[in-house]
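Here the structure is laid out as structure tokens; the discussion comes afterwards.
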Amino acid sequence: MSSATARYPIPAKCFRSEIEVERSRFITTVQEVTSPAEAQAFVAEIKAEFPDANHNCWAYLVGPPGSSDQIGLSDDGEPHGVAGRPILTTLQHSGLGDTAMVVTRYFGGVKLGKGGMVKAYTAAVQTALEQLPRNLRISWVEIKATFDYSVLTPLKLRLPEFEGEILATDYADKISSKLRLPAEQMEPFQKMFSDLTAGQGDLEKI
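Per the working numbering, residue 913 is the first one in the sequence shown, and the count goes up by one each step.
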């Protein structure tokens, strides 16, 4: 797994913002999702919260930022292409992964036209993204490392360089430790471990 996909921003919590355009209210709700089913459940939840809204338009992206393997969108009754597509496009260029967004619209009586609606939905999403608190999604791997006793202290000293930690250790003829580190650190860690043990240690993915 490359570092581009092993670590990326996600929403830190369910977040909401609101803008008004020509008396129409656009309420954007953003949440982390890890599967299309979770995204659909989130959309259903927002629709249930705002049953009297004119539209609950939405889009989601599951996976790393910009990916298109697991995406979904809906104009929810708005003219084709004026809501779901701008929401998804803005999301795909936001640098966020694993994110679903619903933009709830209460019509204010002034027609915006297709171009105006695209602008309004895009602005609603951008406003939410500017204020959204973010966390990092890190893909972790667990490995079993077996090595001589003389390696333990230098290994403990080097582990922080790779954001690694020892989860458990067994002491027998050799030491066997269960380690956890980010997926993107696996390759450099393997090289360091091989140098440290002069090729005599053993690494095994759990």
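Each residue gets a CB set at the ideal place from its N, CA and C atoms; glycine is no exception.
8 Å CB neighbourhood of residue i in its chain, flanking five on each side removed
i            : result
residue 1119 : Any question about residue 1119 goes unanswered here, given that the chain covers just 913 to 1118.
residue 1060 : 1086, 1087, 1109, 1112 and 1113
residue 1100 : 1074
residue 1070 : 1104 and 1108
Alpha-carbon spacing of residue i relative to residue j, whole angstroms
i            : j            : result
residue 958  : residue 1080 : 43 Å
residue 962  : residue 968  : 8 Å
residue 1076 : residue 1032 : 45 Å
residue 940  : residue 1098 : 38 Å
residue 973  : residue 1091 : 31 Å
residue 1035 : residue 951  : 22 Å
residue 1015 : residue 1096 : 35 Å
residue 1121 : residue 1010 : Not covered by the structure: residue 1121. The range shown for the chain is 913 to 1118.
residue 913  : residue 1023 : Because residue 913 sits at a pLDDT of 33, beneath the cut-off of 50, its placement in the model cannot be relied upon, and the point is left open.
residue 993  : residue 987  : 7 Å
residue 949  : residue 979  : 17 Å
Close beta carbons around residue i, own chain, < 7 Å, minus the five adjacent residues each side
i            : result
residue 1021 : 935
residue 925  : 1045
residue 1105 : 1057, 1113 and 1115
residue 1107 : none
Presumed contact (8 Å Cβ cut-off) between residue i and residue j, rounded CB distance
i            : j            : result
residue 921  : residue 1003 : Not confirmed; about 12 Å, so no contact.
residue 1115 : residue 1102 : 6 Å
residue 937  : residue 1050 : About 37 Å separates the two Cβ atoms, so there is no contact after all.
residue 1078 : residue 1117 : With a Cβ gap of about 16 Å, residue 1078 and residue 1117 do not count as contacting.
Proximity test, residue i beta-carbon vs the ligand COA heavy atom, cut-off 8 Å
i            : result
residue 1013 : You won't find the ligand COA in this model; it holds no ligand whatsoever.
Reduced DSSP category for residue i - H, G, I as helix; E, B as strand; rest coil
i            : result
residue 1120 : The requested residue 1120 does not occur in the structure, where the chain is confined to residues 913 to 1118.
residue 925  : coil
residue 987  : coil
residue 1107 : helix
residue 948  : helix
residue 1062 : helix
residue 1116 : strand
Same chain only: Cβ atoms within 6 Å of residue i, ignoring 5 sequence neighbours per side
i           : result
residue 928 : 941
residue 981 : 975
residue 892 : Outside the displayed span of the chain (913 to 1118) sits residue 892, for which this structure offers no information.
For residue i: DSSP bridge partner residues
i            : result
residue 1036 : Bridge partners of residue 1036: none, in fact.
residue 938  : 931 and 1017
residue 1089 : 1057 and 1081
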